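Residue numbers (full-length UniProt numbering): 1 to 183. Where is the CB? At the ideal position from N, CA and C, for every residue including glycine. Small disclaimer: the values here were computed from a predicted structure and weren't measured. These notes are about the structure you will find just below.
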Amino acid sequence: MRAGTATVRPTGGSDDVLKMGGFKVDNNTQLGLTFDYMVTDNIGIELLAATPFRHKVGLGPTGDLATVHQLPPTLMAQWYFGDAGSKVRPYVGVGVNYTTFFDASFNDTGKSAGLSDLKVKDSWGVAGQVGLDYLINENWLLNMSVWYMDIDTTVKFKAGDDQQSIKTRIDPWAFMFSAGYRF
């Protein structure tokens, strides 16, 4: 089990929104948790969890228009190099990500521009990971890991009376620095 800081840094964008360019989504850092089960000395299964990430969403010259919260639980199959007693254990993983979006709303800037009824569709995608455990002693460790998550969604909202549907690629890199305990 590991706990530490998890930062989500979106890299994608969206289709054109109202002829003003694509959505821009900011970074956010929260408490990250990973729960690992070692099937063998070298094969692990990991679940990534976190407290909800809150992102500001901007659009071209208008600046921030909205906020959205998301949770990206990710299940990984991992390969650990070395043996269980190695002081330094790099690993790689591949898995699946499910991202659920909630509490999506326009701020006063978005509302004054005539935008309303913001909804963001949940997403399934693949994920890749690299990481490194540094054993302090038999049970305690320090960890750093990086994930890439394929998060593609559809953002729906009204601009005046017109319904809009915008394909959006969030595709973040997630970085976690943590301390862990092995049972």
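Measure the Cβ-Cβ separation of residue i and residue j and say whether it is below 8 Å.
{"i": "N143", "j": "L135", "result": "no"}
{"i": "M149", "j": "T74", "result": "yes"}
Can you have a look at residue i and say buried or exposed, based on whether 16 or more other CB atoms are within 10 angstroms of its CB?
{"i": "Y91", "result": "buried"}
{"i": "W147", "result": "buried"}
{"i": "S123", "result": "buried"}
{"i": "A139", "result": "Reading the sequence as shown, one finds Asn at residue 139 and not Ala. Counting Cβ neighbours within 10 Å, N139 comes out exposed, since fewer than 16 surround it."}
{"i": "V39", "result": "exposed"}
Going by CA-CA distance only, name the one from the options that's closest to residue i.
{"i": "Q164", "options": "V8, Y148, D117", "result": "D117"}
{"i": "R145", "options": "Y80, G160, T168", "result": "The sequence given here has Ser at residue 145, not Arg. The shortest Cα separation from S145 among Y80, G160, T168 belongs to Y80."}
{"i": "L141", "options": "L59, G63, S105, G180", "result": "G180"}
{"i": "N107", "options": "I45, E46, L59", "result": "L59"}
{"i": "D41", "options": "G12, G82, L65, N27", "result": "G82"}
{"i": "L47", "options": "F53, G125, F35, P61", "result": "F35"}
{"i": "A66", "options": "F23, V126, G128", "result": "F23"}
{"i": "G93", "options": "N28, P72, V126, P61", "result": "V126"}
Just the Cα atoms here: how many angstroms apart are residue i and residue j?
{"i": "W173", "j": "A113", "result": "31 Å"}
{"i": "G85", "j": "Y37", "result": "16 Å"}
{"i": "I43", "j": "T168", "result": "34 Å"}
{"i": "G110", "j": "M1", "result": "41 Å"}
{"i": "A77", "j": "Y98", "result": "15 Å"}
{"i": "F102", "j": "V88", "result": "38 Å"}
{"i": "D15", "j": "H55", "result": "18 Å"}
{"i": "A104", "j": "L115", "result": "12 Å"}
Give the C-beta separation of residue i and residue j to the nearest angstrom, bearing in mind that I take them to be a contact with Cβ-Cβ under 8 Å.
{"i": "V25", "j": "I170", "result": "6 Å"}
{"i": "T51", "j": "Q30", "result": "4 Å"}
{"i": "V120", "j": "V68", "result": "6 Å"}
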